[in-house]
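Protein chains in written order, with this note's numbering: chain F, 16 to 350; chain U, 16 to 350. Every residue gets a Cβ at the ideal spot worked out from N, C-alpha and C, and that includes glycine.
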DNA sequence: TTGAAAGCGCTAACAA
DNA sequence: TTGTTAGCGCTTTCAA
């Protein structure tokens with residue numbers, strides 16, 4: 016790959032002049048400009064952004080760190096963030112943490128070494144101490160979906176307590192009384208807050224939470240499937256289940272299908288996260304729909320604003336999910 | 016953020032010595048090494064990879080370019096590629112092309128300017144001329160899912176003709192005779208080849224393809240929904256539909272649901288791409304399951320091999336999908 | 001309008 | 001074992 020020096024010598028000018036042409040500076044004689052552009056064409060020359068960024072102490076890369084891109088919740092966000100970044104001629108690094116604090120820490124250090132312009136992070140833990148080095152580095156940071164407590168950073172969240180409350184209350188109002196919950200890890204703010212909303216709704220409606228049926232798991236299909244397999248063997252099995260994301264919902268469906276049970280007659284089901292297939296599974300699955308694309312877009316907007324103005328006061332944007340009622344939570348038949 | 020010079024002066028040594036410590040070179044006195052490490056700690060110093068790469072004319076970034084990360088087919092691949100890259104201490108750029116040739120070209124040029132170490136590309140078009148500049152740049156390239164005709168590059172493909180043939184034949188054997196097909200854009204090799212497999216199966220079994228029911232569309236839900244909306248109004252509507260990916264399958268489901276039809280009694284359905292919810296929609300949806308994670312892993316492996324040895328002969332790996340039969344293609348009831 | 005040269009942060013060849 | 005220095009490819013200041 017040719018460099019700017021080669022272009023300059025071929026054109027019989029200095030590298031400075033070529034650089035001026037590259038960045039469309041006005042003070043270049045038109046015929047010289049044209050000659051240089053022709054040579055750039057012929058050589059297939061592409062200026063190195065790495066070198067330019069190095070010189071200017073800038074970067075056109077931002078990073079997105081999430082637990083797993085295969086969770087549709089994050090997929091939509093990733094897409095939104097890429098859209099915004101692309102508009103700004105920025106590229107994005109995709110990083111999966113698998114809810115693994117160590118992996119997350121290693122990745123964050125790599126990102127610092129890569130001198131990325133900013134990071135959008137869905138943190139595995141809410142404990143701020145693990146992220147202090149990040150703050151000290153002064154790299155623009157936005158957390159998404161989850162919070163880091165005690166850290167003054169921009170974040171985009173959804174109202175998890177309320178959403179879980181809504182979901183649980185909905186089931187209670189439809190006549191369900193033994194509601195199980197399978198929620199993401201308690202170490203994340205989402206997990207903890209959803210657990211709270213669930214508990215609160217039970218208590219407010221005079222139901223006693225049964226700790227056996229309130230679990231926090233690594234949020235993937237197999238985990239939920241295992242748990243529900245066990246629940247369904249119990250004599251006092253739940254008459255309804257809520258889940259913390261669509262992957263957990265799948266796990267529950269798998270288990271219910273295995274046992275040959277029917278939703279909602281045998282057991283009701285409702286969960287977090289709308290996906291295009293929710294209306295087609297069982298008799299349609301009731302969900303909390305979170306504005307995922309919008310969350311991603313908001314986070315990216317916040318990040319780019321902070322990159323431009325690192326001093327601006329930080330902001331916490333909380334978006335609300337909406338309940339979509341479907342057949343999986345039809346009113347319970349009294350026996 | 017401090018630089019190597021600052022570390023050196025604080026430690027009272029030259030930058031060379033610090034550099035030696037950073038890259039674990041042996042020839043540094045242990046006490047000096049320790050002192051330097053301590054200072055690196057205290058300062059929170061992180062060496063700039065940008066600078067290092069610039070000096071060494073290397074890069075630890077590879078790019079993944081696909082049409083849309085929201086297609087689960089690509090999501091799984093992306094995850095696989097990130098896993099492999101992460102093992103090699105490489106980061107990945109995520110680029111969505113939206114099947115848009117222009118967007119793809121712009122992105123590719125950006126990637127050249129970013130001096131990425133390699134590109135994994137699912138090309139929007141199979142016409143090689145649009146990619147000649149890429150080949151000339153000599154940047155390691157692997158195409159995934161789709162081919163670029165006439166270009167000597169590594170690629171990882173699935174056997175689309177056979178898969179579409181299998182799917183169509185399966186429907187025919189179950190007694191369906193008026194089979195519609197909604198497939199991705201014909202400009203991509205996947206679209207064209209799947210169309211071929213479909214046609215071939217019809218012909219081999221003595222059925223006459225009806226051009227009205229054989230369409231190529233932008234592969235997203237709404238497109239399929241619109242088309243099926245129209246088909247279902249026709250007197251001679253298809254008795255079965257095959258789709259080119261899971262997003263199209265959703266579109267078909269939406270349309271069928273709207274009309275209140277039942278699968279497979281009123282109309283059968285089968286499509287490309289297994290997802291966790293296929294067993295739960297309708298009475299389970301028959302699919303061709305493609306080994307997406309493995310395709311991604313294979314592509315990444317090929318790419319890294321080529322980065323190490325640019326001269327190695329190129330290779331085309333073709334993986335086969337498997338048919339998973341479910342209720343959506345139960346034998347047709349004779350009337 | 002143009003060019004020479006410094007310098008971004010690092011590595012490695014060479015010298016001491 | 002350690003230091004000096006050139007140079008990766010660019011941009012920008014300063015001078016001409």
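Whose C-beta lies closer than 6 Å to the C-beta of residue 274/U among residues of the same chain, with five residues either side of it excluded? Taking the second chain and counting its residues from 1, one reaches residue 274/U at position 259. Taken in chain order, the residues that qualify are 247.
With 9 Å as the C-beta to C-beta threshold (strictly closer), list the residues of the region 50 to 80 of chain F near chain U in chain order. 59, 61, 62, 63, 64, 65, 66, 67, 68, 69, 74, 75, 76, 78, 79
7 Å Cβ cut-off: residues of chain U touching residue 268/F: Counting from 1 along the first chain, the entry for residue 268/F is found at position 253. Within chain U, the residues near residue 268/F are 295.
Which ranges does the alpha helix (DSSP H) cover as unbroken runs of at least 4 residues, wholly within the region 40 to 113 of chain F, from first to last along the chain? 45 to 58, 64 to 71, 87 to 102
Distance check for residue 259/F and residue 208/F, CA to CA, integer angstroms please. As a working mapping, residue 208/F is identified with position 193 in the first chain. As a working mapping, residue 259/F is identified with position 244 in the first chain. Distance between the alpha carbons of residue 208/F and residue 259/F: 11 Å.
In chain U, what lies closer than 9 Å to residue 108/F by C-beta? One-based indexing of the first chain puts residue 108/F at position 93. Per Cβ cutoff of 9 Å: 76, 106, 107, 108, 109.
Buried or exposed: which applies to residue 220/F, given that a residue is buried once 16 or more other Cβ atoms fall within 10 Å of its Cβ? As a working note, residue 220/F is residue 205 in the first chain. So residue 220/F ends up on the exposed side.
Selection from 168/F, 240/F, 230/F, 117/F that minimises the alpha carbon distance to residue 198/F: Residue mapping note: residue 198/F aligns to position 183 of the first chain, counting from 1. The residue with the shortest Cα to Cα distance from residue 198/F is 230/F.
Sort 110/U, 340/U, 249/U, 20/U by Cα distance to residue 54/U and report the nearest one. Along the second chain, one-based indexing puts residue 54/U at 39. Residue 20/U is the option with its Cα nearest to residue 54/U.
Excluding the 5 residues flanking residue 322/F on each side, which residues of the same chain have their C-beta closer than 7 Å to its C-beta? Along the first chain, read from residue 1 onward, the residue named residue 322/F stands at position 307. Here the set comprises 132, 133, 155.
Please check if any C-beta of chain U sits within less than 8 Å of the C-beta of residue 127/F. Position 112 of the first chain holds residue 127/F. Answer yes: the Cβ-Cβ gap between residue 127/F and chain U drops below 8 Å somewhere.
If you measure between the beta carbons of residue 5/F and residue 343/F, is that distance less than 8 Å? In this structure chain F extends from 16 to 350, so residue 5/F is not present and cannot be described.
Going by DSSP, which residues form a beta bridge with residue 229/U? In the second chain, counting from the first residue as 1, residue 229/U sits at position 214. In DSSP, residue 229/U forms a bridge with 196/U.
Distance cutoff 8 Å, beta carbons only. Does residue 292/U sit that close to anything in chain F? As a working note, residue 292/U is residue 277 in the second chain. Yes, residue 292/U counts as interfacial toward chain F.
Quick check on the burial criterion: 16 or more other C-beta atoms within 10 angstroms. Buried or exposed for residue 271/F? Within the first chain, residue 271/F is the residue found at index 256, counting from 1. Classification of residue 271/F: buried, given that the 10 Å Cβ count is 16 or more.
What's the call for residue 72/F, buried or exposed, on a 16-neighbour Cβ count within 10 Å? As a first step, residue 72/F must be located in the first chain, where it is residue number 57. With fewer than 16 Cβ atoms within 10 Å of its Cβ, residue 72/F is classed as exposed.
How do the region 226 to 246 of chain U and the region 173 to 185 of chain U stand: do at least 3 beta-carbon pairs fall below 8 Å, yes or no? no
Continuous beta strand (DSSP E) stretch holding residue 332/F: start and end: Translated into positions along the first chain, residue 332/F becomes position 317. Here the beta strand (DSSP E) through residue 332/F covers 331 to 334.
For chain F, is any of its Cβ atoms less than 8 Å away from the one on residue 38/U? Here residue 38/U refers to the residue found at position 23 when the second chain is read from its first residue. Chain F, which has no Cβ nearer than 8 Å to the Cβ of residue 38/U, makes this no.
Taking any Cβ of chain F, which residues in the region 136 to 158 of chain U have a Cβ under 9 Å from it, in chain order? 148, 151, 152, 153, 154
Can you check which of these residues, 58/F, 340/F, 41/F, is closest to residue 351/F by C-alpha distance? Missing from the structure shown is residue 351/F; chain F here goes from 16 to 350 and no further.
One or two residues paired with residue 298/F in a DSSP bridge: Position 283 of the first chain, counted from the start, is the residue given in the question as residue 298/F. Paired residues: none, contrary to the question.
Starting from residue 170/U, follow the beta strand (DSSP E) in both directions and report where the run begins and ends. What you label residue 170/U is simply residue 155 of the second chain in a count that begins at 1. Taken as a continuous stretch (DSSP letters only), the beta strand (DSSP E) holding residue 170/U covers 169 to 173.
Under 9 Å from the C-beta of residue 124/U: neighbouring residues of chain F: Looking up residue 124/U in the second chain gives position 109. Simply 61.
How would you label residue 136/F, buried or exposed, when you count the other beta carbons within 10 angstroms and need 16 or more for buried? Translated into the one-based positions of the first chain, residue 136/F becomes position 121. Buried: at least 16 other Cβ atoms inside 10 Å.
With C-beta atoms as the reference, is residue 89/U less than 8 Å away from residue 108/F? In the second chain, the residue the question calls residue 89/U occupies position 74. In the first chain, the residue the question calls residue 108/F occupies position 93. Result no, Cβ atoms of residue 89/U and residue 108/F do not sit closer than 8 Å.
Does the beta-carbon of residue 38/U have 16 or more other beta-carbons within 10 angstroms, so that it is buried, or is it exposed? Walking along the second chain from the start, residue 38/U turns up at place 23. Exposed.
Span of the alpha helix (DSSP H) around residue 264/U: Taking the second chain and counting its residues from 1, the one referred to as residue 264/U is at position 249. Where residue 264/U is concerned, the enclosing alpha helix (DSSP H) stretches over 261 to 274.
Quick one: measure Cβ to Cβ for residue 157/F and residue 334/F, integer angstroms, because I've assumed they're closer than 8 Å. Reading the first chain from its first residue, position 142 is the one you call residue 157/F. Reading the first chain from its first residue, position 319 is the one you call residue 334/F. 14 Å between Cβ atoms; not a contact.
Name the DSSP bridge partner or partners of residue 157/F? For the purposes of this step, residue 157/F is taken as the residue at position 142 of the first chain. 135/F, 169/F, per the DSSP bridge assignment.
Taking Cβ-Cβ distances shorter than 8 Å, what residues in chain U pair up with residue 93/F? Along the first chain, one-based indexing puts residue 93/F at 78. Within 8 Å Cβ-Cβ: 84, 109.
So, helix, strand or coil for residue 286/F, using DSSP? Taking the first residue of the first chain as 1, we reach residue 286/F at position 271. Reduced to three states, the DSSP call for residue 286/F is strand.
Does DSSP put residue 256/F in a helix, a strand or coil? In the first chain, counting from the first residue as 1, residue 256/F sits at position 241. Correct three-state label for residue 256/F: strand.
What number of angstroms, rounded off, separates the C-alpha of residue 111/F from the C-alpha of residue 87/U? Sequence index remark: in the first chain, residue 111/F carries index 96 (1-based). Sequence index remark: in the second chain, residue 87/U carries index 72 (1-based). In a straight line, the C-alpha of residue 111/F is about 16 Å away from that of residue 87/U.
So residue 130/U contacts chain F; which residues on that side make the cut at Cβ distance below 7 Å? Start at 1 with the first residue of the second chain, and residue 130/U comes out as number 115. Within 7 Å Cβ-Cβ: 63, 65.
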